[in-house]
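Enquirer: The opening position of the sequence shown corresponds to residue 56 in my numbering, with each subsequent residue numbered one higher.
No residue lacks a Cβ here, since even glycine has one placed at the ideal position from N, Cα and C.
Nothing here was measured: the structure is a model prediction, and the numbers come from that model.
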Amino acid sequence: MNQYLLKLRIYADYLGWDKLTKDGCSGKFVEGRYANEELAEKGKVFWNTYIDNSTKGLKEILEEAYRRKMQE
Numbered sequence: 056m057n058q059y060l061l062k063l064r065i066y067a068d069y070l071g072w073d074k075l076t077k078d079g080c081s082g083k084f085v086e087g088r089y090a091n092e093e094l095a096e097k098g099k100v101f102w103n104t105y106i107d108n109s110t111k112g113l114k115e116i117l118e119e120a121y122r123r124k125m126q127e
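Spelled out as C-alpha cells, the structure:
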C-alpha cells in the first residue's frame, strides 16, 4: 500500500472511497492489463474476502438477538 493510501486509511471507517479519491478507487486501472477471466477471478476473491470479513461473528450476533427477542 502506498503512503498516500496509508494516510487515507484513518478516514476509511468514516468516508467512502468516493469521498477520499477522485474516482472512488484506491489504485489505477489499466485497461488490457488483465484478461477478462483474470479480472473476474480478482473480483470474486475481492468480494468473497470482503463479505467474509464483514460478516465475521454475524451468525452469533443474530442468534443471540433472536434468543433475546424470543425471551418474555
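What three-state label does DSSP hand D37 in the structure shown?
Expert: Outside the displayed range of the chain (56 to 127) lies residue 37, so it cannot be described from this structure.
Enquirer: To the nearest whole angstrom, what separates the beta carbons of L130 and Y89, a pair I think is in contact under 8 Å?
Expert: Since the first residue of the chain shown is 56 and the last is 127, residue 130 is not available in this structure.
Enquirer: Please return the same chain residues whose Cβ sits closer than 8 Å to the Cβ of K124, not counting the five positions on each side in sequence.
Expert: The answer is none, since no qualifying residue turns up.
Enquirer: Would you report the Cα separation of K62 and L70, rounded to the nearest angstrom?
Expert: 13 Å
Enquirer: Determine the extent of the alpha helix (DSSP H) in which R122 is found, giving its start and end residues.
Expert: Per DSSP, the continuous alpha helix (DSSP H) segment holding R122 begins and ends at L113 to M125.
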